[in-house]
Each structure stands twice: as C-alpha cells, then as structure tokens.
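Chains as they are written, first to last, in the numbering used here: chain A, 40 to 327; chain B, 11 to 215. Where is the CB? At the ideal position from N, CA and C, for every residue including glycine. Source: prediction; values computed, not measured. Written below as structure tokens is the structure these notes are about.
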C-alpha cells in the first residue's frame, strides 16, 4: 500500500461572502488524483493550498509529512513541489530556456552547469528541446502550456500540482501529456484539476468530484461511473423528464435520469456520473 | 549587461525578469523626470515640482518589482523555495537604485543645485519602504496607490494652507523635523516588512 503524501482535513476558505471551500477532506498518495468539477467548484482554491500559496481559514493540510502553516515546513514542501497554475504567466521577452532557467533559480539551483542541464532535460521531456532558444511570445498556446508543465518537472519533485494542465492542448498534445504524466506518477504524487472526464478515465487512479466547495465523490474512476449504473438510457425519442438528454451519432437519444418510453439501459460513463452528481441542467449544456 | 556589471548569472536572471527594469519602464521614468525638471525651471527657481515628483518614481518602480498583478510568474515564484522576501529585496534594491540614480542625475538639471535639491531622497526611501510594508496586506499596486495618494495629498494641503510665497520648506517633509520623521517611518516600515514577510509568499492578499 502506498504512503499518504497529501492529507487535507476539514479545510474551509471564504473570499468575502463567497464560500470557496466548505470543509473539504481527502487523502492522496503516489499516483494521479483528478479533481473534477464545474467552474467555481473550489478546485483552484484547493490546488493553491496544496501548492502552499494560499492558506485555509480553518482546517489543516499535511503535505509530504509537513505542515504548510509553518514557514520552515513550507519551504521543505516547496523543495519537493512542482506547481502549474491555472493561468501560467510568462516573461514573454524570455526564451523558453530562459524562462525555465529563471524558475530553476527560484528553485535554488544555483550551479550554472547543473541547472542548465536540468533545464534542457525538462524541455526535452516536454518536447520543447528544439524550441529552447525561441522567444515565448513566438510559441503557440499549446507550446506555452507545455512550457508551464516543463518548469513543474524541474528537480523531479515528489508532488506535482497541475491546475487544468490539458486546457488548450490539441488531441495529440493531450495524449503526449498523458504519456508523460503517467510515467512520472509511478513514484510521484500528481494532483490535477480538469474539465475533461476523459482525462480522468484514462489517466487517474483516483478522482474527486467537487461542487460549490464540497467533495461530492472520492474514489476510483470505475466507482464513479458505477454511480450512474441503472440511470443511463438509450431511447428513440427525447424525454422531457430526463436530467440531460442528447441525440448521439447513431440517432438514438442518450438519457440520464428517469427511464423514458421504449428505452433500454446502457453502460454508464464517468461523464454520466459526473453530470448526475453535479446536477447541471442548463439548456446550453444540452447538446442536441 | 548585468553580467558585465559583475552580477552573478542567477541574480542577473532574476533581475532580467523585473518589469520595472525594462527599457520601456526606465524610459517612462526618464520622461517624467524631464517634465518635473521643466516644471521646476519656473521664474522663482522653486524646485518643489521636482521634489514632489521625484520620490514617487522609485515608489512606482518598487511597486512593480514583484508581486501579484505585476509579475506574470508570481504564482509559480510564490510556490518556490526561494523566499518572496529575498526576491522582493533583490529586485526592489535594484529598481530603487536605478531609479534613484536617474533622479539624482536629473536633479543636476535644476536651476539651483544645492542641498535642498537632495530633499527628495529620504521621502523616496520612506515611500518605498512603507509601500513594501503595506504590500504584506494589499497588492503592491494598491499599496503604491495608497502611499502616493497620501504623499501628494500632504504636498497639496501644505501648499494650499501657506499664506506667503511657496518655498521648499513649505512642505513639512522637506524640513529637518520632517526628514527625521521619514527616517523613523522607514525603519518602522522595514520592521513591519520583516515581521510579516511570510505574507509575500501568498497569492491571497
């Protein structure tokens, strides 16, 4: 059994009158944990706390055996941490190499030769070795995303915190990302947030579904999909009683919720379970 | 260029990422100083416009040296083991020194170069350190706005209540007692900054 590397207990956070986290608890270990949830669910707030850049109003965190509330413990955590924010910023006049080199200096890598070798290693890992001398302003959005990922890998950190790492990546880049992260996560703890249920299904050992600052589900992806068993149907017509319904490529309507007339049960997916849990029924999200 | 000046390669890289050391920023500072000098070349030879403007420029530079909203890589930096306080100090000292050198050079273009022309130096130090201390509560830009507004308000009130001709010593900050008070304010601000330095590593301020 793996050792617990992330322990979060009853964490709460308010921003003015808005409650971002309302008593979140979970435990993480080596492997990939995916945070799923709609915008405003509290994922970014939680990841910022795990990245030690935000403190909770109440509750406690234990990261790699250290309490981030303590300054020296926080520094110890940061020495073993790689963090990719939701909107990673860049000094655009820098080249890809200079940017990662800058972050390497912030990570206390002062030996120039060793640091430069490490910078090239992570650029190669993310497929940017050939773009090392390219100015960041000349890189595509997907390349910048990979550059943001590259800096998290500096020094082979034990804990990787990635806020929507696959946003803006094309299908091939997303597959390459999965390949890279799955290799890393054999020995490291990766916690990532995503809107892509497919990322969770194909990549994560554990999944946490959040909404409105609370954890709705914690378990393995297969268990999440099982939540929707017996509630996903295929029917020839759309039924207004369905929580969600859309016509699929084969002409049948996929219904989530109550069984419509003439329907038959079909295999549920993580996405079905997610939609049932989060319970969003706005018209814009119904794809007809 | 920084490497040629004898600065280590890693410190040079940290400074190269400082927005307030970019060519466009320094060009803006130089242009503002030119306008302040022109305003001080008035018939009475009163350097007050320059003395009021000069301390605000290092303040603006320090406010844009490091922090949320001014450094695009702030969040990544805050999660790194290098303490925010250290990065802030490296950058602030470099920005303060660079901006001050420009202002000192500009002060030689005043109509009468005397000790009064150096009156902006202590206000400049006090505004910058108070801004840094406040930035442990608020964002750097908001802190700078509060401090700059306070400074300009003091200058306007001092000038508006005087009955005779406006001189340098009309503003309390340029009198001897005022200059001593500014040193005290700087020392207090540095203590506050040291006590609250952990806040510099957090995005929620």
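Can the beta-carbon of residue i be found less than 8 Å from the beta-carbon of residue j?
i: residue 312 of chain A; j: residue 264 of chain A; result: yes
i: residue 120 of chain A; j: residue 63 of chain A; result: no
i: residue 70 of chain A; j: residue 244 of chain A; result: yes
i: residue 246 of chain A; j: residue 254 of chain A; result: no
i: residue 144 of chain A; j: residue 24 of chain B; result: yes
i: residue 50 of chain A; j: residue 100 of chain A; result: yes
i: residue 259 of chain A; j: residue 190 of chain A; result: no
i: residue 250 of chain A; j: residue 77 of chain A; result: yes
i: residue 274 of chain A; j: residue 300 of chain A; result: yes
i: residue 129 of chain A; j: residue 183 of chain A; result: yes
i: residue 120 of chain B; j: residue 57 of chain B; result: yes
i: residue 29 of chain B; j: residue 114 of chain A; result: no
i: residue 86 of chain B; j: residue 127 of chain A; result: yes
i: residue 136 of chain B; j: residue 196 of chain B; result: yes
Could you check if residue i is buried or exposed, using at least 16 other CB atoms within 10 Å of its CB as the buried criterion?
i: residue 199 of chain B; result: buried
i: residue 53 of chain B; result: exposed
i: residue 161 of chain B; result: buried
i: residue 327 of chain A; result: Since pLDDT at residue 327 of chain A reaches only 36, below the 50 mark, its modelled position is unreliable, and no value is offered.
i: residue 81 of chain B; result: buried
i: residue 210 of chain A; result: exposed
i: residue 218 of chain A; result: exposed
i: residue 324 of chain A; result: With a pLDDT of 44 at residue 324 of chain A, under the threshold of 50, the modelled position of this residue cannot be trusted; read the value that follows with caution. Answer is exposed; the Cβ neighbour count stays below 16.
i: residue 54 of chain A; result: exposed
i: residue 87 of chain A; result: buried
i: residue 175 of chain B; result: exposed
i: residue 322 of chain A; result: The predicted model places residue 322 of chain A with a pLDDT of 41, which falls under 50 and marks its position as unreliable, so this point remains unresolved.
i: residue 314 of chain A; result: buried
i: residue 187 of chain B; result: exposed
Taking residue i as the reference, which of the options has the closest Cα?
i: residue 46 of chain A; options: A:62, A:60, A:52, A:68; result: A:68
i: residue 305 of chain A; options: A:272, A:291, A:315, A:290; result: A:272
i: residue 206 of chain A; options: A:123, A:228, A:223; result: A:123
i: residue 139 of chain A; options: A:108, A:111, A:172, A:118; result: A:172
i: residue 48 of chain A; options: A:75, A:88, A:288, A:98; result: A:98
i: residue 229 of chain A; options: A:72, A:185, A:60; result: A:72
i: residue 76 of chain B; options: B:101, B:118, B:50; result: B:101
i: residue 143 of chain B; options: B:78, B:91, B:201; result: B:201
i: residue 169 of chain B; options: B:157, B:183, B:191; result: B:183
i: residue 26 of chain B; options: B:59, B:191, B:97, B:127; result: B:97
i: residue 153 of chain A; options: A:227, A:177, A:193; result: A:193
i: residue 84 of chain B; options: B:111, B:177, B:175, B:149; result: B:149
i: residue 193 of chain B; options: B:19, B:130, B:122; result: B:130
i: residue 181 of chain B; options: B:39, B:48, B:59; result: B:59
i: residue 19 of chain B; options: A:187, A:149, A:160, A:316; result: A:149
i: residue 165 of chain A; options: A:146, A:179, A:188; result: A:188
i: residue 204 of chain A; options: A:277, A:178, A:83; result: A:83
i: residue 167 of chain B; options: B:62, B:112, B:48; result: B:62
i: residue 146 of chain B; options: B:165, B:190, B:78; result: B:78
Taking the alpha-carbon positions, what's the residue i to residue j distance?
i: residue 81 of chain A; j: residue 41 of chain B; result: 45 Å
i: residue 93 of chain B; j: residue 134 of chain A; result: 24 Å
i: residue 43 of chain A; j: residue 56 of chain A; result: 33 Å
i: residue 286 of chain A; j: residue 318 of chain A; result: 19 Å
i: residue 153 of chain B; j: residue 210 of chain B; result: 13 Å
i: residue 320 of chain A; j: residue 283 of chain A; result: Confidence at residue 320 of chain A is low in this model, with a pLDDT of 37, below 50, so the placement of that residue should be treated as unreliable; the coordinate-derived value is given next. For residue 320 of chain A and residue 283 of chain A, the distance between alpha carbons rounds to 6 Å.
i: residue 268 of chain A; j: residue 307 of chain A; result: 6 Å
i: residue 217 of chain B; j: residue 107 of chain B; result: Outside the modelled stretch of chain B, which goes from 11 to 215, sits residue 217 of chain B, for which no answer is possible.
i: residue 116 of chain A; j: residue 105 of chain A; result: 7 Å
i: residue 66 of chain B; j: residue 112 of chain A; result: 38 Å
i: residue 134 of chain B; j: residue 64 of chain B; result: 7 Å
i: residue 233 of chain A; j: residue 107 of chain A; result: 24 Å
i: residue 105 of chain B; j: residue 114 of chain B; result: 14 Å
i: residue 36 of chain B; j: residue 140 of chain B; result: 22 Å
i: residue 207 of chain B; j: residue 99 of chain B; result: 11 Å
i: residue 75 of chain A; j: residue 248 of chain A; result: 5 Å
i: residue 175 of chain A; j: residue 169 of chain A; result: 13 Å
i: residue 159 of chain B; j: residue 109 of chain A; result: 36 Å
i: residue 70 of chain B; j: residue 151 of chain B; result: 8 Å
For a contact meaning CB atoms closer than 7 Å, what does residue i contact in chain A?
i: residue 85 of chain B; result: 92, 124
i: residue 89 of chain B; result: 90, 91, 92, 117, 120, 122
i: residue 82 of chain B; result: 128, 129, 130
At a CB-CB cut-off below 8 Å, which residues of chain A make contact with residue i?
i: residue 27 of chain B; result: 130, 133, 141
i: residue 213 of chain B; result: 87, 92, 93
i: residue 23 of chain B; result: 137, 140, 141, 144
Quick one: list the residues of chain B neighbouring residue i, beta-carbon separation under 7 Å, in chain order.
i: residue 145 of chain A; result: 87, 90, 92
i: residue 190 of chain A; result: 86
List the residues of chain B that residue i touches, going by C-beta distances under 8 Å, in chain order.
i: residue 151 of chain A; result: 19, 20
i: residue 114 of chain A; result: 91, 93
For a test of your reading of the model: does the CB of residue i fall under 7 Å from any non-hydrogen atom of the ligand ADP? Yes or no.
i: residue 108 of chain B; result: In the structure shown, the ligand ADP is absent, as is every other ligand, since no ligand is present at all.
Which bits of chain A does residue i rub up against, with CB to CB less than 9 Å?
i: residue 208 of chain B; result: 110, 113
Comparing the C-beta of residue i with each C-beta of chain E, is any distance below 8 Å?
i: residue 293 of chain A; result: Absent from the structure is chain E; the protein chains it does hold are A and B.
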